[in-house]
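Student: Just passing along the structure, written as C-alpha cells.
In this note's numbering, the protein residues as written are 202 to 875.
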C-alpha cells in the first residue's frame with residue numbers, strides 16, 4: 202500500500218510541475234521574445250517481482266513481472282519557434298526573423314536574448330530597455346580598396362548611434378563613370394590620320410606589336426615640312442640600338458576620294474641589328490592604303506610579316522572649290538582636319554589641305570578655332586596659307602561658325618579673283634559628330650561644391666577623348682580652376698570593352714580659391730570599385746548613356762536620424778544628404794539552442810551543453826534577418842496551453858485519487874487489528 206501511495210505522490214509532483222510550466226507559459230503570453238516550455242515525463246523505477254525466463258524444450262518462456270514506482274519530470278524543453286511579429290513604430294525596436302539571438306553585454310559578460318525592445322540611453326548607446334544591457338554589433342568603416350563599400354570591424358563592441366554628431370566635410374577623391382558610348386556615332390571632328398587601332402593614345406606614342414616573333418615599339422606621327430607639306434612617319438624600334446631607327450616616310454602628294462594620296466620611296470627596313478640585319482620589303486598600295494612588311498628570308502620569301510590599312514585610320518572632311526574665273530577654270534579638291542592634340546580646349550588648329558598648283562606636293566590653309574564651354578564652335582580666325590598659291594586661295598575662302606555653334610561653314614567667294622568685293626556662298630560644312638557630356642557635383646576639403654563637367658568626344662572607331670573642366674552656375678567654364686590633365690583618350694577593343702586607361706588622376710588647383718589643392722581620380726573602368734570592365738564605360742552600338750554615378754565627397758553634416766536594414770546595418774542619416782552605415786547588429790547562434798539557460802528578464806546564457814556561441818552579423822553564417830520597428834512576441838499558443846492545463850489538471854486529480862484510495866485501504870488494514 203505504501204508503494205502505491207508513493208507512486209501517486211510522484212505523479213502529483215510531476216503534474217504539479219507540468220501545471221507550473223503551463224502556468225508560466227500562460228503568464229508570459231505577452232512577454233516580448235518569450236519562448237514557451239514543454240514538460241516531458243519519464244517513468245521512475247520498477248520493482249521486478251518475477252524475472253523473465255527463456256523457452257525450453259517442454260514449455261515456453263515467461264515475461265518479467267514488474268511493478269512501477271512512479272513518474273518524474275525528465276525534461277523541460279524550451280521551444281525556440283518563431284514568435285508573432287508586432288509592429289511598434291519605434292525605430293530602435295528590432296525583431297529577428299529566423300535563427301539567432303541578440304548579443305548583449307552585462308558588465309564584462311555576454312548574455313543573449315530574442316527580445317529586441319531597445320532604446321538609446323543618455324550616451325547614445327543602444328541598450329535593452331528593460332535592463333540597460335548594451336547591445337553589441339560591428340562598427341562599420343569605409344573600405345580603403347573600394348570607397349563605395351563599408352566593411353565591418355573584426356570584433357563586436359557596444360553599438361553607439363551619436364545623434365547630433367557632426368560629420369566633417371570630405372573632399373572628393375574619386376569619381377566613377379559607367380554605362381555606354383555609342384559606337385555608331387560619327388567622329389566628333391575630322392582629325393586626319395589617327396593611330397592604328399591597337400595604339401592606346403592619339404599622339405606619337407609607341408605601340409607594342411609582334412613582327413616575325415620579335416616585339417617592336419612602333420611610332421606613328423604626322424608632321425609638316427618647312428614648306429608646309431605634310432608627311433607621315435612610321436618608325437620601328439626593337440630595342441637593338443640601331444641609329445637611326447628604321448622608318449617608312451609617306452609624302453602627301455594629292456587628294457583622292459576625300460583622303461590624302463600617300464606615296465613612299467622607302468623600299469626596305471632593317472628590323473634586326475646593324476651586325477645582324479633582318480630586312481623586310483615595304484609594300485604599299487596608295488589606292489587602297491594597305492601597308493605590308495614582306496619577308497626577304499628565302500625560306501618564307503614574300504610572306505606578310507605585318508600589315509595595316511592607313512586609309513581606315515583617316516578622318517577628313519572633303520570639298521571642292523571651283524575657280525571659274527581662272528584661265529583655264531581650276532578645281533581644287535580640299536580635305537580638312539583638326540589638330541587632335543588640342544581638342545580639349547580653346548583654341549585648336551583647323552588645316553585645309555589641297556594640291557598645290559605646281560603639282561609638287563600639298564599646300565595648306567590654317568585657321569584658329571575656338572570653342573564655347575559646351576563644346577560648340579565659337580570663333581574662327583582668318584585663314585592663312587603655306588605653299589605655292591595658298592595665299593590666293595586663302596583670300597577666296599573663309600570659315601565661320603554657325604549661330605548655334607553646331608557647324609563650321611566653309612564659304613567661297615563667288616568671284617575668287619576679287620574676294621574683297623565678292624559675296625560668299627557656303628560650299629561645305631564641318632559638323633560635330635559623337636559628343637556626350639555628363640555633370641557631377643564634387644567637393645573640396647572644406648565641403649564647397651563644384652560642378653565637374655566631363656565630355657566624351659569620338660575620335661575614331663575605337664577611341665574617344667575625355668575632357669574634364671569645372672563650370673559655374675551659368676554653365677561657363679571656370680578657366681581659373683582648370684584641372685591638370687584636363688583631357689585624354691579612352692581606347693576600346695573590338696569587344697567594346699575599355700582597353701585603357703582604367704583611371705586618370707587630375708590635379709585641381711583649389712589653392713587659387715584659397716583652399717587646399719586636390720587630386721581626384723576619374724575612374725572609367727570600375728576597377729576602383731572592385732567591378733569588371735563591363736560595369737565601367739563601354740562602346741556598344743547603343744545610345745550614349747555614360748554618366749558619373751558616384752563620388753565620395755560631401756559637405757559637413759549632422760546625424761539626425763537612422764534606419765535599420767534587413768542585414769542589421771544601422772544606417773545614419775545626415776543633414777548633408779549622406780546615408781552611411783554606422784554599425785551592423787551582431788547575432789549569436791548555438792549548436793544546441795535547447796541547452797540555453799534562462800536567467801530572467803527575457804535573457805538567456807550559454808551552458809556547457811549549448812556549444813560555443815557563433816557570433817556574426819545578421820544574415821551571415823545562417824543567421825536570420827532583422828525587421829526594424831517591430832518586436833517578436835511570445836510563441837505561446839493559448840489554445841494549446843489550455844489543453845495542457847486540462848491534461849495536467851486531470852493527471853493531478855487522478856493521482857490525488859490514488860493517494861485517497863491508498864489512504865482508505867491503509868485505514869481498513871489498521872481496522873483489521875481491532
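Positions of the beta carbon are idealized from the N, C-alpha and C atoms, including for glycine.
Looking at residue 538: is its Cβ nearer than 8 Å to the Cβ of residue 392?
Tutor: For residue 538 and residue 392, yes; Cβs fall inside 8 Å.
Student: Beta strand (DSSP E) containing residue 676: first to last residue?
Tutor: It is not in any beta strand (DSSP E) - residue 676 carries neither H nor E in the DSSP assignment.
Student: Skipping 5 residues on each side, what residues in its chain have a beta carbon closer than 6 Å to that of residue 235?
Tutor: 229 and 835.
Student: Please list, in chain order, all residues of the same chain as residue 843 whose beta carbon is under 6 Å from its beta carbon, the five residues on each side excluded.
Tutor: No residues qualify anywhere along the chain.
Student: Quick one: complete beta strand (DSSP E) runs, 3+ long, within the stretch 479 to 503?
Tutor: Here the runs fully enclosed are 480 to 486 and 491 to 496.
Student: Going by DSSP in three states, residue 405 sits in which element: helix, strand or coil?
Tutor: Reliability fails at residue 405, whose pLDDT of 39 lies under 50, so the model's placement of it is uncertain and no value is given.
Student: Counting only beta-carbon separations shorter than 8 Å, does residue 376 have a partner in chain D?
Tutor: The displayed structure is made up of one protein chain only, and chain D is not part of it.
Student: Counting Cβ pairs, one atom from each stretch, are 3 or more of them under 8 Å apart for the stretch 860 to 870 and the stretch 242 to 256?
Tutor: Because the criterion of three Cβ pairs below 8 Å is not met, the stretch 860 to 870 and the stretch 242 to 256 do not touch.
Student: If you reduce the DSSP assignment to three classes, tell me which class residue 228 lands in.
Tutor: Of the three classes helix, strand and coil, the one that applies to residue 228 here is helix, per DSSP.
Student: By a C-beta neighbour count over all protein chains shown, 10 Å radius and 16 as the cutoff for buried, is residue 809 buried or exposed?
Tutor: Exposed is the call here.
Student: Give a yes or no on whether the C-beta atoms belonging to residue 435 and residue 562 are separated by under 8 Å.
Tutor: Cβ distance not < 8 Å, so residue 435 and residue 562 don't count as in contact.
Student: Sorted by chain position, which residues of the same chain lie with C-beta nearer than 8 Å to residue 584's C-beta, five sequence neighbours on each side aside?
Tutor: The answer, listed in chain order, is 553, 566, 567, 568, 595, 598, 599 and 600.
Student: Any chance you could list the alpha helix (DSSP H) runs of at least 4 consecutive residues sitting entirely within the stretch 811 to 856, in chain order?
Tutor: The qualifying runs do not exist here; there are none.
Student: Measuring only the C-alpha atoms, how far is residue 381 from residue 576?
Tutor: Distance between the alpha carbons of residue 381 and residue 576: 20 Å.
Student: For the beta strand (DSSP E) containing residue 761, list its first residue and its last residue.
Tutor: That run of the beta strand (DSSP E) goes 758 to 765.
Student: Closest by CA to residue 647, which one among 225, 757 and 634?
Tutor: Residue 647 has its Cα closest to that of 757, out of 225, 757 and 634.
Student: DSSP three-state call for residue 866: helix, strand or coil?
Tutor: Residue 866: helix per DSSP, three-state reduction.
Student: How would you write the range of the beta strand (DSSP E) that residue 632 sits in, first residue to last?
Tutor: Where residue 632 is concerned, the enclosing beta strand (DSSP E) stretches over 625 to 632.
Student: Mapping the DSSP letters down to three states, classify residue 210 as helix, strand or coil.
Tutor: If DSSP states are grouped into helix, strand and coil, residue 210 belongs with the helices.
Student: From residue 626 to residue 605, what does the alpha carbon distance come to, in whole angstroms?
Tutor: Their backbone Cα atoms lie some 19 Å apart in a straight line.
Student: Note down, in chain order, each residue of its chain lying with its Cβ closer than 6 Å to the Cβ of residue 438, except the 5 sequence neighbours on either side.
Tutor: The answer, listed in chain order, is 418 and 446.
Student: Give me, in chain order, the residues of the same chain whose beta-carbon lies closer than 7 Å to that of residue 807; leave out the 5 immediate sequence neighbours on both sides.
Tutor: Within the same chain, residue 807 has close Cβ partners 791, 797 and 814.
Student: Heavy atom of the ligand NAD less than 7 Å from the Cβ of residue 705, yes or no?
Tutor: This structure lacks the ligand NAD; in fact it carries no ligand of any kind.
Student: Which same chain residues, not among the five before or five after residue 742, have their C-beta less than 6 Å away from its C-beta?
Tutor: The answer, listed in chain order, is 384 and 385.
Student: For residue 300, collect the residues of the same chain with a Cβ closer than 7 Å to its Cβ; drop the 5 residues on either side in sequence, then sort them by chain order.
Tutor: Around residue 300: 790, 823, 824 and 825.
Student: May I have the straight-line CA-CA distance separating residue 682 from residue 744, to the nearest angstrom?
Tutor: Cα to Cα, residue 682 sits roughly 31 Å from residue 744.
Student: Pick from 495, 476 and 477: whose alpha carbon is nearest that of residue 483?
Tutor: For the residues 495, 476 and 477, the minimum Cα distance to residue 483 belongs to 495.
Student: Pull up the distance between the alpha-carbon of residue 410 and that of residue 433, whole angstroms please.
Tutor: Roughly 19 Å between the two C-alpha positions.
Student: Does DSSP put residue 729 in a helix, a strand or coil?
Tutor: Helix, per DSSP.
Student: Can the beta-carbon of residue 679 be found less than 8 Å from the beta-carbon of residue 749?
Tutor: No. Outside cutoff.
Student: So if DSSP puts residue 555 in a beta bridge, which residue, or which two residues, is it bridged to?
Tutor: BP columns for residue 555 point to 535 and 564.
Student: For residue 807, which three-state DSSP category applies?
Tutor: Coil, per DSSP.
Student: First and last residue of the beta strand (DSSP E) that includes residue 269?
Tutor: Run containing residue 269: 266 to 269, per the beta strand (DSSP E) assignment.
Student: For residue 396 and residue 773, what's the separation of their Cα atoms in angstroms?
Tutor: Any reading at residue 396 is ruled out, since the residue's pLDDT is 49, under 50, leaving its predicted position unreliable.
Student: Are the stretch 681 to 695 and the stretch 643 to 663 touching by the rule of at least three beta carbon pairs closer than 8 Å?
Tutor: Taking 8 Å as the limit for Cβ pairs, the verdict is that the stretch 643 to 663 does touch the stretch 681 to 695.
Student: What does the alpha-carbon distance come out to for the pair residue 637 and residue 667?
Tutor: Their Cα atoms are separated by approximately 10 Å.
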